[in-house]
Structures are given as C-alpha cells and as structure tokens.
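Colleague: Quick note on this note's numbering: the sequence shown kicks off at 21 and runs consecutively. Got a structure for you, questions after.
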Amino acid sequence: MIRNRKHLLIRGYAVGLGLLLIAIGVLYSMVKIQVSEGQQLDDFAQRNFNLVEEPAERGNLYASEGDLLATTVTVHDIFLDLVVIKDDLFNAEVGALSDSLSKMFEKPASYFENKLRTEKNKKNRYMTLIKGLDYQDYMRIKSFPIFREGQNKGGFIHDTRPKRELVLSDVGARTIGYDDHRGKVGLEGAYSNYLSGTMGKRWVQFMGRGQWKPFKSWEQEPVNGSNVYTTIDAGMQIAAYSALQEQLIKYNAEHGCVAVMEVETGKIRAIVNLKKVADSVYSDVLNYVVGEGAEPGSTFKTVSILAGLENEKFTPETTVQTGNGAYRLYNRTIRDSRGYGTIDVGTVLIKSSNIGTAKLINAGYGSDPQEYFDQLDKWHLTKPLGIDIQGEAAPQFHRPTDSNWSNVTLPVMSYGYGFKMTPLQILTFYNGIANGGKLLKPLFIDKIEENNGKVIEYKPEVLVEQMSSPENIKAVTEMLKLAVSDGTARNIFTEHYEIAGKTGTARVEYWLKDQPMQYRASFAGFFPADNPKYTCVVIIHKPDRSKGYYGGGVTAPVFKKIADWVYSRTPRQMPELPKLVNINKTFSTPEFKVDYENPKIPNVIGKSGVSVIPALENLGLDVRYTGIGKVVNQSIPAGTTIKRGETIYLVLEG
Numbered sequence: 021m022i023r024n025r026k027h028l029l030i031r032g033y034a035v036g037l038g039l040l041l042i043a044i045g046v047l048y049s050m051v052k053i054q055v056s057e058g059q060q061l062d063d064f065a066q067r068n069f070n071l072v073e074e075p076a077e078r079g080n081l082y083a084s085e086g087d088l089l090a091t092t093v094t095v096h097d098i099f100l101d102l103v104v105i106k107d108d109l110f111n112a113e114v115g116a117l118s119d120s121l122s123k124m125f126e127k128p129a130s131y132f133e134n135k136l137r138t139e140k141n142k143k144n145r146y147m148t149l150i151k152g153l154d155y156q157d158y159m160r161i162k163s164f165p166i167f168r169e170g171q172n173k174g175g176f177i178h179d180t181r182p183k184r185e186l187v188l189s190d191v192g193a194r195t196i197g198y199d200d201h202r203g204k205v206g207l208e209g210a211y212s213n214y215l216s217g218t219m220g221k222r223w224v225q226f227m228g229r230g231q232w233k234p235f236k237s238w239e240q241e242p243v244n245g246s247n248v249y250t251t252i253d254a255g256m257q258i259a260a261y262s263a264l265q266e267q268l269i270k271y272n273a274e275h276g277c278v279a280v281m282e283v284e285t286g287k288i289r290a291i292v293n294l295k296k297v298a299d300s301v302y303s304d305v306l307n308y309v310v311g312e313g314a315e316p317g318s319t320f321k322t323v324s325i326l327a328g329l330e331n332e333k334f335t336p337e338t339t340v341q342t343g344n345g346a347y348r349l350y351n352r353t354i355r356d357s358r359g360y361g362t363i364d365v366g367t368v369l370i371k372s373s374n375i376g377t378a379k380l381i382n383a384g385y386g387s388d389p390q391e392y393f394d395q396l397d398k399w400h401l402t403k404p405l406g407i408d409i410q411g412e413a414a415p416q417f418h419r420p421t422d423s424n425w426s427n428v429t430l431p432v433m434s435y436g437y438g439f440k441m442t443p444l445q446i447l448t449f450y451n452g453i454a455n456g457g458k459l460l461k462p463l464f465i466d467k468i469e470e471n472n473g474k475v476i477e478y479k480p481e482v483l484v485e486q487m488s489s490p491e492n493i494k495a496v497t498e499m500l501k502l503a504v505s506d507g508t509a510r511n512i513f514t515e516h517y518e519i520a521g522k523t524g525t526a527r528v529e530y531w532l533k534d535q536p537m538q539y540r541a542s543f544a545g546f547f548p549a550d551n552p553k554y555t556c557v558v559i560i561h562k563p564d565r566s567k568g569y570y571g572g573g574v575t576a577p578v579f580k581k582i583a584d585w586v587y588s589r590t591p592r593q594m595p596e597l598p599k600l601v602n603i604n605k606t607f608s609t610p611e612f613k614v615d616y617e618n619p620k621i622p623n624v625i626g627k628s629g630v631s632v633i634p635a636l637e638n639l640g641l642d643v644r645y646t647g648i649g650k651v652v653n654q655s656i657p658a659g660t661t662i663k664r665g666e667t668i669y670l671v672l673e674g
C-alpha cells in the first residue's frame with residue numbers, strides 16, 4: 021500500500037513537471053514569436069488585411085404624399101477567383117462561358133476567352149469582370165457556365181454597393197440635391213445625417229494588384245438611413261416645371277425659377293430652377309430660388325407701400341402727383357411707362373408707378389431713412405431666412421450709415437433697385453400678406469421616419485406673429501387684387517377664382533454700356549385671394565426683348581398655369597343634375613352644334629365630350645377637362661358672354 025502511494029506520488033510529480041515544461045515551452049514560443057516574429061506577422065496582417073468602413077443603405081427621399089423622389093438602388097459587381105476553378109472545368113466550359121458573356125455584353129466571344137485564359141495563367145484571384153449590374157442581369161450572369169458552380173468551385177465572387185437615383189430626374193434635381201464627392205447640396209445634403217444612417221465595418225483581404233476582397237461576415241453591420249418626407253407636391257412640381265419650361269423656351273430666356281408655398285404652413289410645395297444649356301434645352305443645375313440674389317424690381321413696391329401704411333406715413337387715400345411719366349428727384353430722373361397724373365396710394369401699386377412710390381417713401385422717410393430699415397428688419401427682409409438647404413444668398417442692402425449712401429438711395433430702393441434679395445425671400449414676404457400678416461419660415465420637410473419607428477414631424481415656424489395691422493394687410497391685398505383685375509397683370513385675370521399679385525420688370529446689368537438693355541421679369545402673388553391657399557413667385561431672367569420682357573406678359577402666365585392646375589384639382593360644389601332614366605340605351609348622342617352667330621357659352625351638359633371639346637375650342641375657349649364620356653358639369657354657366665382665351669373646365673363621365 022505504501023509502495024503504491026509512493027508510486028502514485030512520483031507519477032503525479034512527473035505529470036506536473038511535464039505540464040510545467042510544456043507550459044514553459046509554449047510561453048517561450050509565444051515570447052519568441054512576439055519578439056522575433058511579431059513584427060513580421062504584424063506587417064503581414066497590415067499588408068494583407070484591413071478593416072474598412074462600409075456605407076449603410078441611404079434612406080429614401082419622398083414627396084409629401086409618399087411619391088418617391090430619390091432612392092438607393094443596389095447594383096451588383098462581379099469578380100472572379102480564377103485559381104479555385106479546376107483546369108478540367110475551365111477548359112471544358114470557358115468557350116461556352118465566353119459565348120454567354122458575348123451575347124450579354126455585345127463583345128466578341130474571343131475577347132472574353134482570351135482575357136479569362138490570360139488572367140488564369142496569371143493566377144488572378146480577384147479579377148474584375150463587370151460592375152454596376154441590376155438584379156436581373158446579376159441573376160442571369162450567375163447562371164452562366166462555370167459561374168453556376170458558385171464561389172468555391174466556379175470562382176464567382178459577387179459584391180453589392182448602393183447607387184443613388186432620382187425618380188423625377190431633371191424636374192427638381194438641384195433641389196433634391198446630392199451628398200457625394202461634389203459636396204452637400206439640396207435636401208440630400210441638408211438632411212444627410214438622417215438619410216445616411218450609420219457606417220458598418222468589415223475586414224477585407226488583399227488579393228494582389230491593388231484589389232481587396234471583402235469577407236462575408238461583418239465586424240459591425242451598417243444601420244440603414246431614415247426616410248425623409250419633403251413638403252414637395254409631386255404633381256404640382258411637374259406642373260410648375262412644365263409651365264416654366266414652356267415660357268422659357270417661348271421667350272428664349274437665359275434662366276428662370278418658380279416656387280410655390282402653402283399659405284397656412286409655409287411648406288414649399290414646388291420649386292423649379294431651369295438654366296438654358298442649349299437651344300430650347302433647359303436643365304436644373306443651379307438653385308436660383310434659394311441662392312440667386314438680384315434686384316427685385318417692382319415686386320418690392322408692395323413692401324414699401326405696406327411699410328408706409330404701417331408706419332402711418334400715408335393712408336390708402338393719400339394722393340401723389342406723378343406728372344407725365346418723368347420726375348427729377350435729386351440727381352436722378354425717375355420714369356413711369358406713362359403719365360398717370362395725380363393718383364392715390366392704391367393706384368400707385370396697381371399701375372406700378374415708380375414715381376409715385378419714390379415720392380411717397382421719400383416724403384415719409386427721407387428725414388429718417390433708418391425708420392424704413394427698422395421696418396424691413398422686423399420683417400426679416402435684411403437677413404437670410406436660415407433655411408436648412410445650404411447656399412442661401414444673404415440680402416444685400418445699402419444702409420444710411422454706409423459711405424455710399426446718398427439722398428437718392430432710399431427712393432430708388434423703394435421701387436426695387438440698389439439692393440439684392442432672393443426669390444425665396446420675396447415669396448416669404450408675400451406669403452405673410454396672404455396669411456393675414458403671419459410671416460412663416462419656408463419649410464421643406466414634413467417628417468422623418470427613423471428605423472426604430474420614431475417619427476420626427478416638422479411644424480411651421482413663425483418668424484413674425486403679426487407683420488402689420490389687419491386693416492393694412494387687407495388694404496394691400498385689395499390693391500394686389502386690383503393689380504390683377506385692372507392693373508399690370510390683367511392678362512391673367514379670371515372669373516373663376518381671384519388672384520392677388522404684383523408684376524416686376526427690372527433692368528439687369530444696366531451699368532454695362534456695350535450691350536442692349538436686358539431685363540428680369542417677375543411676378544409674386546397668391547390665390548385664391550379671398551381665401552389664400554398658395555403663394556407663388558416666378559422669375560424669368562433675360563428674356564428675348566423682341567418677344568417681350570414685361571412681368572405681366574412673361575412671368576404672370578406661368579403663375580396662372582400653376583393656379584389653373586390647382587383650381588382644376590380643387591373639389592367644388594357641383595349643381596345637382598336631373599336624372600335621366602335609360603337615356604343612353606334609348607338614344608344615340610347627337611352631334612353637338614354651336615351657334616357661331618350668337619357668341620354665348622352653350623349648355624353642354626349631357627353632350628358627348630368628343631363633339632363638345634373641339635366646338636368650344638373653335639369658339640376661342642381654353643378647354644380643360646377630366647374624365648371621359650358625357651359632360652356632367654361645366655365651370656362657366658350657359659348664356660355667359662364668351663371671352664376669347666378664357667378657360668372653361670368640364671367634368672366628363674362615361
């Protein structure tokens with residue numbers, strides 16, 4: 021027994037000593053590797069493996085009603101590991117593979133076979149075959165000979181990457197923007213933190229000749245970006261684009277822009293910027309609405325008139341002598357398109373009198389021009405609006421304390437010269453009038469939907485709670501309504517809904533003596549004037565003078581087309597129609613005839629749209645309709661005197 025215990029004890033010591041020697045050996049080896057070979061292994065790892073960041077899938081950008089504006093599509097890149105392909109498989113099927121590739125990419129089969137054989141001889145383990153395939157082409161190519169064996173036997177290496185695509189393409193490309201090597205532009209740039217998500221990380225292995233092969237597993241998986249819903253109305257955006265493009269082509273203008281704001285919320289429902297890039301070809305390359313500061317011209321007269329009313333410098337009934345169309349003030353001759361004689365303040369705005377505006381503002385503020393600027397400051401007209409989109413141009417004004425200020429600076433400024441503002445800043449001011457005096461910051465985003473289900477909603481931001489007294493706001497609104505019905509924009513007057521607005525025709529580059537005078541036409545206003553829903557500004561820069569350059573003829577029609585589009589889609593109370601039993605089963609629809617000797621709107625209810633529409637167009641009417649079949653409603657009552665060019669809306673039902 022004692023001998024056995026001693027024997028076991030000796031064996032235990034021997035085992036322990038053996039384990040100790042093994043541990044010492046392992047430790048020695050580890051130290052040796054760390055000291056003598058560690059640097060070599062570290063260098064090898066750094067040369068052949070790398071932890072890289074991989075972008076997350078970018079969130080979608082939507083219009084307000086859920087129409088897709090920009091999205092990320094997955095494209096497929098194909099690489100080949102020619103080493104893993106067995107020689108017998110390669111030689112047996114490389115010809116068939118080359119034929120398949122030839123049919124898909126329209127290159128000779130010999131081109132592909134030579135390339136594949138060359139790279140296999142080089143033992144290329146990461147040959148680039150093709151990049152940027154869509155899903156259908158990826159599924160097709162992976163079924164080709166050799167490739168159908170997969171990565172381990174067929175050497176088929178597949179990788180994906182995101183690609184950003186705009187759904188509306190040029191209709192709002194600059195506003196939608198981008199976030200890439202070119203910088204951060206538009207909505208994509210402004211809300212990139214939400215759209216881009218969180219980067220992922222994974223290891224890649226160096227395969228030679230500058231190529232890296234990613235591992236399938238992730239060190240840290242990417243978190244996809246949030247979805248951003250803009251305020252853009254896709255339908256209105258397209259309507260605004262079409263109206264502006266048509267007018268730019270008609271007047272062969274250099275560039276132009278349109279923006280539409282929802283009165284109640286300040287939401288931008290449409291924003292279009294187009295620049296001439298070739299004859300009759302315009303592209304959205306610069307955001308003029310946000311970034312172009314220019315002299316606004318006569319659209320600024322509304323600012324001056326409201327300021328004078330609010331500061332009690334005059335009343336709507338105050339009169340001013342404008343003479344025969346020319347007036348010398350200090351060292352400047354101010355001109356109107358014609359002489360208006362003695363007119364009241366309302367007529368000054370309605371007829372767009374430079375002389376009347378200059379004399380009223382000079383009389384009211386000439387001794388203290390800073391008071392005029394104090395009012396502009398209160399209305400946020402002298403500083404940027406602070407929108408999220410980058411590139412907003414700051415307004416540029418000459419102040420009374422500036423060295424270049426003179427007695428004539430203020431009166432010239434009063435009718436829109438000698439300073440710069442953006443179309444968006446003008447739009448915001450007019451929207452304040454439409455909103456009863458509440459000045460709202462332009463809003464471009466409705467909401468953001470995060471991956472975790474959280475929704476961030478954007479609310480209207482009030483810049484000025486009450487710009488002016490309700491009485492003065494109402495007075496200016498009435499003036500703007502008369503400017504359309506009886507003034508410089510009477511060509512867009514319609515009986516169907518009331519428009520309030522102001523034209524502008526500003527000279528541009530007038531300091532250059534070696535070129536003909538150029539102009540910048542504009543229109544700013546809102547509709548319907550009795551219960552405003554939308555405010556719109558239109559700018560057309562350097563129209564062909566031989567075709568026209570006044571705001572009333574060049575830009576106001578763009579406004580009218582957008583307003584008509586909205587009106588045609590606005591639900592209205594329809595008169596109840598008498599019910600006719602089985603009329604379509606008993607009678608055929610007779611041909612519709614018009615009495616051209618009696619120029620009155622005919623009753624077209626119940627008549628076939630096929631015969632009615634051309635007949636009404638022959639009467640000189642602009643016919644707009646929805647549906648097909650027979651007319652069940654007409655916007656202009658029967659018996660109304662016809663006005664050529666007037667728009668009539670028809671509702672058709674089968």
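All C-beta atoms in this analysis are idealised placements derived from N, C-alpha and C, irrespective of residue type, glycine included.
Quick check on DSSP: helix, strand or coil for residue 499?
Modeller: Note: residue 499 maps to helix in three-state DSSP.
Colleague: Identify whether residue 319 lies in helix, strand or coil by the three-state DSSP scheme.
Modeller: Three-state result, residue 319: helix.
Colleague: At which residues does the beta strand (DSSP E) containing residue 483 begin and terminate?
Modeller: Looking at the DSSP string, the run of the beta strand (DSSP E) that includes residue 483 is 482-484.
Colleague: Find the nearest neighbour of residue 416 within the set 319, 108, 389 and 445, judged by alpha-carbon distance.
Modeller: Looking at the Cα atoms, 445 is the closest of the given residues.
Colleague: Using DSSP bridges, identify the partner residues of residue 575.
Modeller: Residue 575 pairs with nothing; no bridge assigned.
Colleague: Measuring only between beta-carbons, confirm whether residue 344 sits less than 9 angstroms from chain B.
Modeller: Of the chains in the structure shown, none is chain B; there is only one protein chain.
Colleague: Run the CB neighbour count on residue 315, radius 10 Å, all protein chains shown included, and call it buried at 16 or more, exposed below.
Modeller: The residue is buried, with at least 16 neighbouring Cβ atoms inside 10 Å.
Colleague: Taking residue 107 as the reference, give the member of 91, 141, 267 and 555 with the closest Cα.
Modeller: Of 91, 141, 267 and 555, the residue nearest in Cα terms is 141.
Colleague: Just to check my reading of the structure: residue 319 and residue 288 have Cβ atoms closer than 8 angstroms, yes? What is that Cβ distance to the nearest angstrom?
Modeller: Between residue 288 and residue 319 the Cβ distance is about 18 angstroms, and since that is not below 8 angstroms, they are no contact.
Colleague: Considering only residues of the same chain and omitting the five flanking positions on each side of residue 177, which have a CB-CB separation below 8 angstroms?
Modeller: For residue 177, where only same-chain residues beyond five positions count, the Cβ hits under 8 angstroms are 98, 99, 100, 101, 146, 171 and 233.
Colleague: Where do the ends of the alpha helix (DSSP H) carrying residue 112 lie?
Modeller: Element bounds for residue 112: 107-125.
Colleague: Mind pulling the beta strand (DSSP E) runs of 3 or more residues that sit fully within the region 486-557?
Modeller: Counting only runs of 3 or more, we get 520-528 and 538-547.
Colleague: Just curious, the alpha helix (DSSP H) that residue 194 is in, first and last residue?
Modeller: Per DSSP, residue 194 belongs to the alpha helix (DSSP H) from 193-196.
Colleague: If you draw a straight line from the C-alpha of residue 71 to the C-alpha of residue 79, how long is it?
Modeller: So the two alpha carbons sit approximately 25 angstroms from each other.
Colleague: Nearest by alpha-carbon distance to residue 254: which of 277, 272 and 290 is it?
Modeller: Residue 290 is the option with its Cα nearest to residue 254.
Colleague: When the distance is taken between beta carbons, is residue 317 closer than 9 angstroms to residue 437?
Modeller: For residue 437 and residue 317, yes; Cβs fall inside 9 angstroms.
Colleague: Report the rounded CA-to-CA distance for residue 656 versus residue 242, giving the unit in angstroms.
Modeller: Using only the alpha carbons, I get a separation of about 59 angstroms.
Colleague: Have a look at 568, 544, 565 and 569 and flag the residue whose alpha-carbon is nearest the alpha-carbon of residue 582.
Modeller: The candidate whose alpha carbon is nearest that of residue 582 is 544.
Colleague: Assuming residue 632 contacts residue 651 (C-beta within less than 8 angstroms), just tell me the rounded distance between them.
Modeller: Indeed they touch by this definition, with Cβ atoms about 6 angstroms apart.
Colleague: Between which residues of its own chain and residue 109 is the CB-CB distance below 6 angstroms, once the five residues before and five after are set aside?
Modeller: Nothing listed; no residue qualifies.
Colleague: Let me make sure I understand the geometry here. Which of 495, 367 and 430 has the alpha-carbon closest to that of residue 396?
Modeller: Checking every option, the nearest Cα to that of residue 396 belongs to 430.
Colleague: At what residues does the alpha helix (DSSP H) containing residue 431 begin and finish?
Modeller: Taken as a continuous stretch (DSSP letters only), the alpha helix (DSSP H) holding residue 431 covers 429-434.
Colleague: Are residue 668 and residue 643 touching if we call contact CB-CB under 9 angstroms?
Modeller: Yes.
Colleague: So, with DSSP's three-state summary, where would you put residue 147?
Modeller: DSSP places residue 147 in strand when its eight states are reduced to three.
Colleague: Tell me, please, which residues DSSP counts as bridged to residue 454.
Modeller: The partner list for residue 454 (beta bridge, DSSP) is empty, contrary to what the question assumes.
Colleague: By the three-class DSSP mapping on this structure, what secondary structure does residue 303 have?
Modeller: Of the three classes helix, strand and coil, the one that applies to residue 303 here is strand, per DSSP.
Colleague: Tell me whether residue 640 is buried or exposed, calling it buried when 16 or more other Cβ atoms sit within 10 Å of its Cβ.
Modeller: By the 10 Å Cβ count, residue 640 comes out exposed.
Colleague: Is residue 374 helix, strand or coil by DSSP?
Modeller: Residue state, collapsed to three classes: helix.
Colleague: If you draw a straight line from the C-alpha of residue 594 to the C-alpha of residue 504, how long is it?
Modeller: In this predicted model, residue 594 has a pLDDT of only 44, less than 50, meaning its place in the structure is not dependable; the value taken from the coordinates is given anyway. Those two C-alpha atoms are separated by around 27 angstroms.
Colleague: Jot down the residue ranges of each uninterrupted alpha helix (DSSP H) in the region 322-384, minimum 4 residues, whole runs only, in chain order.
Modeller: List check, alpha helix (DSSP H) in window: 365-370.
Colleague: Rounding to the nearest angstrom, what Cα-Cα distance links residue 355 and residue 183 in this structure?
Modeller: Roughly 56 angstroms between the two C-alpha positions.
Colleague: Which value, in whole angstroms, describes the spacing of the CA atoms of residue 452 and residue 530?
Modeller: Residue 452 and residue 530: Cα-Cα distance of roughly 31 angstroms.
Colleague: In angstroms, rounded to a whole number, what distance separates the CA positions of residue 439 and residue 376?
Modeller: C-alpha separation (whole angstroms): 20 angstroms.
Colleague: State the CB to CB distance for the pair residue 221 and residue 212, rounded to an integer number of angstroms; the pair is presumed to be in contact (CB under 8 angstroms).
Modeller: Actually they do not touch by this definition, with Cβ atoms about 20 angstroms apart.
Colleague: Do the CB positions of residue 264 and residue 578 come within less than 9 angstroms of each other?
Modeller: Yes, Cβ-Cβ distance for residue 264 and residue 578 is below 9 angstroms.
Colleague: Let me know the secondary structure DSSP gives residue 628 once reduced to three states.
Modeller: Strand, per DSSP.
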